[in-house]
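A.B. asks:
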Amino acid sequence: MADIAAHDTAKPDGRIADNIVYFARTLRKAGMRVGPASVVDAIDAVLTAGIGTRDDFYWTLHAVLVKRREDRPVFDEAFRLFWRSRELIEKLLAMFSPVAPDTREREKQRAAESRVANALFAGQESRREDEVPQIDIDARFTVSGREVLRGKDFAQMTADELADARRAIAELSLPVDKVRTRRFRPDPRGRRVDPRATMRSALRTGGDLIIPRFRSVRSVQPPLVVLADISGSMSQYTRIFLHFMHALSEKRRRVHTFVFGTRLTNLTRQLRHRDPDEALEQASAAVEDWSGGTRIGDTLHEFNRVWSRRVLSQGAVVLLITDGLERDDPEGLDAEMERLHKSCRRLVWLNPLLRFDGFEPRARGVQAMLPHVDELRAVHSLDALSDLCASLSDAHGSADPSRWRGLGNRAAATPY
Numbered sequence: 099m100a101d102i103a104a105h106d107t108a109k110p111d112g113r114i115a116d117n118i119v120y121f122a123r124t125l126r127k128a129g130m131r132v133g134p135a136s137v138v139d140a141i142d143a144v145l146t147a148g149i150g151t152r153d154d155f156y157w158t159l160h161a162v163l164v165k166r167r168e169d170r171p172v173f174d175e176a177f178r179l180f181w182r183s184r185e186l187i188e189k190l191l192a193m194f195s196p197v198a199p200d201t202r203e204r205e206k207q208r209a210a211e212s213r214v215a216n217a218l219f220a221g222q223e224s225r226r227e228d229e230v231p232q233i234d235i236d237a238r239f240t241v242s243g244r245e246v247l248r249g250k251d252f253a254q255m256t257a258d259e260l261a262d263a264r265r266a267i268a269e270l271s272l273p274v275d276k277v278r279t280r281r282f283r284p285d286p287r288g289r290r291v292d293p294r295a296t297m298r299s300a301l302r303t304g305g306d307l308i309i310p311r312f313r314s315v316r317s318v319q320p321p322l323v324v325l326a327d328i329s330g331s332m333s334q335y336t337r338i339f340l341h342f343m344h345a346l347s348e349k350r351r352r353v354h355t356f357v358f359g360t361r362l363t364n365l366t367r368q369l370r371h372r373d374p375d376e377a378l379e380q381a382s383a384a385v386e387d388w389s390g391g392t393r394i395g396d397t398l399h400e401f402n403r404v405w406s407r408r409v410l411s412q413g414a415v416v417l418l419i420t421d422g423l424e425r426d427d428p429e430g431l432d433a434e435m436e437r438l439h440k441s442c443r444r445l446v447w448l449n450p451l452l453r454f455d456g457f458e459p460r461a462r463g464v465q466a467m468l469p470h471v472d473e474l475r476a477v478h479s480l481d482a483l484s485d486l487c488a489s490l491s492d493a494h495g496s497a498d499p500s501r502w503r504g505l506g507n508r509a510a511a512t513p514y
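Each residue of the sequence shown is one higher than the one before, starting from 99 at the first, in the numbering used here.
1. By the three-class DSSP mapping on this structure, what secondary structure does H354 have?
2. Return the CA-CA distance between Q334 and E424, expressed in angstroms with no decimal places.
3. For A326, which three-state DSSP category applies?
4. Give me the DSSP bridge partner(s) of G52.
5. Taking C-beta to C-beta, are T158 and V144 nearer than 8 Å?
6. What's the C-alpha gap between H160 and D292?
7. Does DSSP put L260 in a helix, in a strand, or in coil?
8. By alpha-carbon positions, which one of R290, P273, T151 ends up nearest to R281?
9. Pairing CB atoms from the segment 367–378 with CB atoms from the segment 400–407, are three or more of them under 8 Å?
10. Using the beta-carbon count (16 or more within 10 Å), is A511 buried or exposed?
11. Tell me which same chain residues have a C-beta within less than 7 Å of the C-beta of V164, skipping the five on either side of it?
12. Out of curiosity, what's the CA-to-CA distance linking M332 and P450?
13. Less than 8 Å between the beta carbons of F121 and F180, yes or no?
14. Which term fits I114, buried or exposed, when burial requires 16 or more other beta carbons within 10 angstroms of its beta carbon?
15. So L69 is in the alpha helix (DSSP H); what residue range does that whole segment cover?
16. Have a look at R178, G249, L362 and flag the residue whose alpha-carbon is nearest the alpha-carbon of A482.
17. Could you compute how far the alpha carbon of S500 sits from the alpha carbon of P310?
18. What did DSSP end up calling S500 once you bin it into helix, strand or coil?
19. Tell me whether T303 is buried or exposed, calling it buried when 16 or more other Cβ atoms sit within 10 Å of its Cβ.
20. Between which two residues does the alpha helix (DSSP H) harbouring N117 extend?
21. Can you pull the DSSP bridge partners for R290?
22. Starting from the C-beta of G463, find all residues in its chain whose C-beta is less than 7 Å away, skip the five residues before and the five after it, and write them out in chain order.
23. What residue from D153, T146, L452, V415 has the CA that sits closest to S489's CA?
24. Quick one, are the C-beta atoms of V409 and I328 less than 8 Å apart?
25. Is the separation between the beta-carbon of L448 and that of L438 shorter than 8 Å?
26. Measuring CA to CA, which of Q254, A345, R278 is closest to A266?
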């Protein structure tokens with residue numbers, strides 16, 4: 099890191115050129131697309147424009163290195179941390195000084211700040227760490243931490259384990275399901291003759307040479323609609339699942355995400371941001387009823403009335419994430435679930451309560467929802483999410499809810 103000193107001139111062999119190279123390397127580690135050509139252009143731009151004020155230097159580098167809109171917050175945080183070493187030193191001194199504890203409200207962490215900090219200070223561990231003796235442990239009969247993490251419940255994970263789980267979610271093999279449409283695409287190996295393409299090809303030769311063109315049925319990924327419960331009993335699982343939805347939104351089109359507690363909130367636009375920190379921050383700001391009560395019937399009624407025709411088309415798949423513990427009277431829940439089931443091609447219910455071996459559908463809300471779902475799955479661990487991706491890639495799911503329906507009838511006849 100280096101300060102922008104007033105006496106430091108922009109020389110090709112000076113410190114500014116080296117610092118710009120190191121700064122570009124930091125941006126690359128933070129996820130920005132900065133190549134060698136961009137670094138050379140940035141040095142040339144600084145040599146041409148000179149170093150006047152801090153804002154001039156900022157916008158000179160910004161104009162050359164920032165190519166995408168989602169890279170702006172990353173560049174801002176990297177520029178603030180990299181070119182202001184004095185501020186960082188003052189913070190370190192304040193941390194180790196014998197002063198009274200600060201009772202003021204802590205400043206909210208900015209978007210992309212953690213990623214930039216990790217990219218900037220990577221490899222700068224203390225020298226004392228090399229002096230720590232190494233201890234060899236025989237782990238031939240133990241289970242690796244990675245395997246333990248995949249089967250561990252999200253609600254039981256520590257902060258570090260949740261961070262590892264988020265990174266593992268980004269590496270999951272996402273579903274590759276496709277459905278046949280009524281439209282066609284050009285295909286040299288197709289079995290159907292394309293008359294329009296054939297005539298257009300014949301016009302190029304004046305009709306002297308007519309070569310048939312072929313086409314085949316076009317297959318596309320169906321829309322994926324998520325309805326996630328954010329009540330107090332589901333908030334921990336929904337927060338992790340939003341990272342899964344952000345990864346899906348980056349890799350496939352037509353992904354719609356809704357969350358509900360006492361009201362319905364559409365988070366599709368917020369999760370389209372490329373930067374995960376910015377996406378989750380805006381999603382949290384848009385939700386007003388997080389960790390509150392649950393009104394499944396009312397929120398499904400609003401979805402069926404306002405959003406169903408907009409997002410449930412071309413064989414849409416619906417993922418309903420809730421424990422089924424309805425706060426209100428579940429009389430209307432049965433009708434809303436039936437309407438939702440008839441509006442989509444496949445309705446998958448993800449219930450974290452299935453992690454318990456002795457789970458029985460005793461709640462009235464669960465009994466009202468069971469007859470209208472195609473699959474019933476758990477959603478409490480990385481293994482459960484991996485099984486969900488494999489199930490969505492298959493045309494026919496493997497989690498038949500019929501066995502739970504039988505338990506529901508027996509639970510209804512058994513008093514509490």
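Built from N, CA and C at the ideal position, the CB exists for glycine as well.
Because the structure is a prediction, the values reported are computed rather than measured.
C.D. replies: The answer reads as follows:
1. strand
2. 18 Å
3. strand
4. For the chain, the structure presents residues 99 to 514; residue 52 sits outside this window and is missing.
5. yes
6. 49 Å
7. helix
8. R290
9. no
10. Confidence is the limiting factor: at A511 the pLDDT is only 41, short of 50, which leaves the residue's position unreliable, though a coordinate-based value still follows. Answer is exposed; the Cβ neighbour count stays below 16.
11. R170, F173
12. 8 Å
13. yes
14. buried
15. Nothing about residue 69 can be reported from this structure: the residues present for the chain run from 99 to 514 only.
16. G249
17. 51 Å
18. helix
19. exposed
20. 113–127
21. R313
22. I394, G422, L423, E424, P428, L431
23. V415
24. no
25. no
26. A345
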